[in-house]
Amino acid sequence: GALLYVATYTRFDINFATSVLAVQAQKATQNAHKCLIRVARYLLATKDRQLIHHIRTDNTTQFQLDAFSDVGSPDKTTAKWQTGGIVRANSTPISWTSRRQKFVVLSTCEGELVALCEITKTVLWLRHILTETNLITGCIPSPIYCDNESAILIGTTDFCNSQRTRHLQSRWRFTQQHVRKGDIGVFYVSTNFQLADILTKSFSSEVHNKLLRLIDTRYVPEQIDLLATHAEVKTFLSYSDFTHPDTPGFRFHK
Numbered sequence: 337g338a339l340l341y342v343a344t345y346t347r348f349d350i351n352f353a354t355s356v357l358a359v360q361a362q363k364a365t366q367n368a369h370k371c372l373i374r375v376a377r378y379l380l381a382t383k384d385r386q387l388i389h390h391i392r393t394d395n396t397t398q399f400q401l402d403a404f405s406d407v408g409s410p411d412k413t414t415a416k417w418q419t420g421g422i423v424r425a426n427s428t429p430i431s432w433t434s435r436r437q438k439f440v441v442l443s444t445c446e447g448e449l450v451a452l453c454e455i456t457k458t459v460l461w462l463r464h465i466l467t468e469t470n471l472i473t474g475c476i477p478s479p480i481y482c483d484n485e486s487a488i489l490i491g492t493t494d495f496c497n498s499q500r501t502r503h504l505q506s507r508w509r510f511t512q513q514h515v516r517k518g519d520i521g522v523f524y525v526s527t528n529f530q531l532a533d534i535l536t537k538s539f540s541s542e543v544h545n546k547l548l549r550l551i552d553t554r555y556v557p558e559q560i561d562l563l564a565t566h567a568e569v570k571t572f573l574s575y576s577d578f579t580h581p582d583t584p585g586f587r588f589h590k
């Protein structure tokens, strides 16, 4: 329970591990106990890790949201896929999730569509809150990055309504609707730079630390410059007006 609290509010880097351990809580094995000890040791070794809110150089209070969605491999017992999603404001993670999907999907594309729908709902909720408090401009779409081109094509266009996807029509229609309204934009990102990967699977320490560095810095996929044609949107999403991530800012609780 204590690990879940920490993973939910401040330490997204252990969210996947704690979600897997939580499933085994009622019938814990010796292997699960070893994993629990390893997570506790990792937290002890990285207790100084912090979330830093990056200050804009123009001193404006406007936030820019971006999000990443991904799925991991299916569970061997239930065949349900692991959904991972992370939302950042000014390059600082403010919302994340790592959980099994509620039903079995038949392909990677379907799993990505479900994950894309879930992160879209989170982004819309955060946009509503930040718009009401005048912290973002509602006319500028929030980019969502996905590493599955088929899911992007189905979720953003009238590409197809085949037997393979019609049972998920309500989900990809939901994403498509908000793309057309200008609330979100869905873009492709290489798997090597998919930040939500840290919430869907385990990695070596080298890859794990690489993803943490990308999440904690002003990383923006270059696709945004290629696909954002509107001058105002392209300028706003460039992130050129943020200070260096090492600059002291508002620090969240450890």
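Numbers given in this note's numbering equal positions in the sequence shown, counted from 1, plus 336.
Note that beta-carbon positions come from the ideal geometry of N, C-alpha and C, so glycine has one too.
The structure displayed is predicted, hence computed values, not measured ones.
Reduced DSSP category for residue i - H, G, I as helix; E, B as strand; rest coil
i: Gln-366; result: helix
i: Gly-491; result: helix
i: Ala-415; result: coil
i: Phe-404; result: strand
i: Cys-475; result: coil
i: Ser-538; result: coil
i: Ser-443; result: coil
i: Phe-588; result: Confidence at Phe-588 is low in this model, with a pLDDT of 28, below 50, so its placement is unreliable and the value that follows should be read with caution. Looking at Phe-588 - three-state DSSP - the assignment turns out to be coil, as it is neither helix nor strand.
Counted within 10 angstroms of its Cβ, other Cβ atoms place residue i as buried (16 or more) or exposed
i: Cys-475; result: exposed
i: Phe-539; result: exposed
i: Leu-549; result: The identity of residue 549 in the sequence shown is Arg, whereas the question assumes Leu. Counting Cβ neighbours within 10 Å, Arg-549 comes out exposed, since fewer than 16 surround it.
i: Gly-337; result: exposed
i: Val-440; result: exposed
i: His-514; result: buried
i: Gln-386; result: exposed
i: Tyr-481; result: buried
i: Ala-415; result: exposed
i: Ala-353; result: buried
i: Leu-434; result: Leu is not the amino acid found at residue 434; the sequence shown has Ser there. Buried: at least 16 other Cβ atoms inside 10 Å.
i: Arg-509; result: exposed
i: Asp-406; result: buried
i: Ser-427; result: buried
i: Thr-365; result: exposed
Element boundaries [beta strand (DSSP E), containing residue i]
i: Ile-430; result: 428 to 436
i: Gly-521; result: 520 to 524
Identity of the residues DSSP links to residue i by a beta bridge
i: Arg-424; result: Asp-402 and Pro-429
i: Cys-482; result: Tyr-524
Residue i, enclosing alpha helix (DSSP H) - first and last residue
i: Leu-531; result: From DSSP, Leu-531 is part of no alpha helix (DSSP H); its letter is neither H nor E.
i: Asn-351; result: 351 to 359
i: Thr-469; result: No alpha helix (DSSP H) holds Thr-469; DSSP gives it neither H nor E.
i: Leu-387; result: Note, Leu-387: premise wrong, no alpha helix (DSSP H); not H, not E.
i: Thr-344; result: 338 to 345
Integer Cβ distance of residue i from residue j, believed to fall under 8 Å
i: Thr-493; j: Thr-511; result: Their Cβ separation, rounded to whole angstroms, is 11 Å, which puts Thr-493 and Thr-511 out of contact at 8 Å.
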